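There are 2 protein chains.
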Amino acid sequence: MHAELQIDNQICFRLYSAARLVTQSYTPMLNALGITYPQYLVLMVLWEKDCQPVNDIAHRLLLETNTVTPLLQRMEKQGTIKRKKGEQDKRQHIVSLTEKGKALEQKAYELIPTGMGEQMAACPLKLKDYQNLARELDSIINTLKK
Amino acid sequence: MHAELQIDNQICFRLYSAARLVTQSYTPMLNALGITYPQYLVLMVLWEKDCQPVNDIAHRLLLETNTVTPLLQRMEKQGTIKRKKGEQDKRQHIVSLTEKGKALEQKAYELIPTGMGEQMAACPLKLKDYQNLARELDSIINTLKK
DNA sequence: TAACAATATATCGCACACGATATTATTTTT
DNA sequence: AAAAATAATATCGTGTGCGATATATTGTTA
C-alpha cells in the first residue's frame, strides 16, 4: 500500500468531492429558478456583461466551446438567452440575455445567498478561512489553466 | 449588479474550476494506465481494502450507486475488477480487483506522484498551504455530506 | 489573388453525476 | 408465517465535460 495513493491523502479527491457537494447544495435554489449550475454560471457571466461571443463566455468559465455550445443551445430553448450572428465577424455568435434571463438575477439574489448561508451555517470556517481557501484555489487554478 | 452574484466572488466557482483542472492534469498519466479519474478513485479504494460491496465503495467516494454501478460495469468490461454475488447477503455485489487491477497500483505509483509534481511545480503553495487547504475542504465536505 | 493557415463555433461519441424508478433479497411487523 | 417495510443494486433519462473532428469565415502568405 503506497501512502501516496491513499484516497484520504489526496487534495484532488477533496476538491472533487467538495465541488460536487457544494454544487448539489445549490440545486434546491436553482430548481426554483428552473436552471442548472453550469447554466447559472453562464447567467452570472452575462449579468456582469451582456452580449458576449461564445468564446469569451467559455474562457471566463475555463470551459471549451464544445461544452458551452450545447449548454447555450439548451438555454436558448428554455428562453433565458438568445444568440445572433456577429456583425463584424460572421463566425461569431453573440450571446445575450432575454427578459427572462435578466429577471432571474433578482430572483437569484433573493434565493441563493440566503439558501447557501443556511446550508453552510454549521461549517466552522470563518471569513479568514474562506479568504485563505479562495487564495489557495486561485493558486491552483492559475498554475493549471492554459 | 449584485456583488454576491459575481462569479469572481464565488468559492463555488473556484471549487468547480480547480476540481476540473486538477482532474484534467491527471489525464495524461491515467491515459497511460488506460483508466479515467473516477475509475482511479475506485481502484484506490480497492487497493486500500479489496473485496467490498458496491455500497461501501459508493459511500467512500460520496457517490450514489446509480453512478457507481455503471462505473463498475465499465471497469469489469475493461478487466480491472470483477463482481460476484454476496454469499451471506445475496443482494450485495462484492467488488474485487483482478490481477490487472492489482498490477495498476505499482504503475500508478511510478507515474502519478511524479507527473503531478511536475505539473504543480510552478504553484507557489507550500506544504502548510496544502495542509490548510485540506482542512478547509474537509470542513466543507463534512458540513454538506449526508 | 489564389492557396494556406488560423479562428470561431458546431457536431459526435463516450464517460460520468444524479434524480427517479424498478428489481430482488432481507428484515420487520402484524 | 404472510404482508409490509427496508435495503442493495440496477436501469433509465437528462445534462454536463471533453477529446476528436467538421464547417464556415477571416487572416496571411507565397
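Sequences listed follow chains A and X, in order.
For any residue, its number in the numbering used here is found by taking its place in the first sequence, counting from 1, and adding 1294.
For any residue, its number in the numbering used here is found by taking its place in the second sequence, counting from 1, and adding 1294.
Even glycine gets a Cβ: it sits at the ideal position worked out from N, Cα and C.
If you're wondering where the values come from, they're calculated on a predicted model, not measured in any experiment.
**OP:** Please list, in chain order, all residues of the same chain as Thr1330 (chain X) whose beta carbon is under 7 angstroms from its beta carbon, the five residues on each side excluded.
**Re:** If we look at Thr1330 (chain X) and ignore the five residues flanking it on each side, its Cβ neighbours are Leu1324.
Original post:
Bridge partners of Val1389 (chain A), per DSSP?
Top reply: Here Val1389 (chain A) is bridged, per DSSP, to A:Gln1346 and A:Arg1377.
Original post:
Of the residues that make up the segment 1391-1423 of chain A, which ones have a beta carbon closer than 9 angstroms to any beta carbon in chain X?
Top reply: The segment 1391-1423 of chain A vs chain X, Cβ under 9 angstroms: Glu1399, Gln1400, Ala1402, Tyr1403, Ile1406, Pro1407, Met1410, Gln1413, Met1414, Ala1415, Ala1416, Cys1417, Pro1418, Leu1419 and Asp1423.
Original post:
So is Ala1352 (chain X) in contact with chain A if we call contact Cβ pairs under 8 angstroms?
Top reply: Taking Cβ atoms only, chain A never reaches closer than 8 angstroms to Ala1352 (chain X), which makes this a no.
Original post:
Looking only at C-alpha atoms, which of X:Thr1408, X:Thr1392 and X:Thr1321 sits nearest to Lys1371 (chain X)?
Top reply: Nearest C-alpha to Lys1371 (chain X): X:Thr1392.
Subject >> Nearest-angstrom Cα separation, counted from Leu1309 (chain X) out to Asn1426 (chain A) >> reply: Each residue's Cα considered, the two are about 13 angstroms apart.
Original post:
Of the residues A:Ile1301, A:Thr1363, A:Trp1341 and A:Asp1344, which one's Cα is nearest the Cα of Gln1333 (chain X)?
Top reply: Distance check between Gln1333 (chain X) and each of A:Ile1301, A:Thr1363, A:Trp1341 and A:Asp1344 places A:Ile1301 closest, using alpha-carbon atoms only.
**OP:** Taking all protein chains shown into account, decide if Cys1306 (chain X) is buried (16 or more other Cβ within 10 angstroms of its Cβ) or exposed.
**Re:** That one is buried.
Original post:
In terms of residues, what are the limits of the alpha helix (DSSP H) holding Asn1303 (chain X)?
Top reply: Boundaries for Asn1303 (chain X): no alpha helix (DSSP H) harbours it, and the DSSP string shows neither H nor E there.
**OP:** Could you work out which residue in A:Leu1357, A:Val1389 and A:Thr1317 is closest to Leu1340 (chain A) when comparing CA atoms only?
**Re:** Here the closest residue by C-alpha is A:Val1389.
Subject >> Supposed contact pair Asp1423 (chain X) and Glu1430 (chain A) - C-beta distance, whole angstroms, cut 8 angstroms >> reply: Contact between Glu1430 (chain A) and Asp1423 (chain X) is confirmed by a C-beta separation of about 6 angstroms, below the 8 angstroms threshold.
**OP:** Would you kindly work out how many angstroms separate the C-alpha atoms of Leu1438 (chain A) and Lys1343 (chain A), rounded to a whole number?
**Re:** The alpha-carbon atoms of Leu1438 (chain A) and Lys1343 (chain A) are separated by roughly 26 angstroms.
Original post:
Among A:Ala1326, A:Ile1434, A:Gln1367 and A:Gly1373, which residue has its Cα nearest to the Cα of Glu1404 (chain A)?
Top reply: Residue nearest to Glu1404 (chain A) within the set A:Ala1326, A:Ile1434, A:Gln1367 and A:Gly1373 is A:Ala1326 (criterion: CA-CA distance).
Subject >> Span separating the alpha-carbon of Gln1386 (chain X) from that of Ala1352 (chain X) >> reply: Distance between the alpha carbons of Gln1386 (chain X) and Ala1352 (chain X): 13 angstroms.
Subject >> Under 7 angstroms by beta carbon: chain A residues contacting Val1316 (chain X) >> reply: Here the neighbours are Cys1306, Leu1309, Ile1434 and Leu1438.
Original post:
If you count every other CB in all the chains shown that lies within 10 Å of the CB of Asp1338 (chain X), and 16 or more means buried, which is it?
Top reply: Note on identity: in this sequence residue 1338 (chain X) is Met, with Asp being the wrong assignment. The C-beta of Met1338 (chain X) has 16 or more other C-beta atoms within 10 Å across all chains shown, which makes the residue buried.
Original post:
Measuring CB to CB, does Leu1355 (chain X) end up less than 8 angstroms from Thr1374 (chain X)?
Top reply: Annotated as distal: Leu1355 (chain X) and Thr1374 (chain X), with beta-carbon spacing of 8 angstroms or more.
Original post:
Where does the unbroken alpha helix (DSSP H) through Asp1432 (chain X) begin, and where does it stop?
Top reply: Note, Asp1432 (chain X): alpha helix (DSSP H), Leu1421 to Leu1438.
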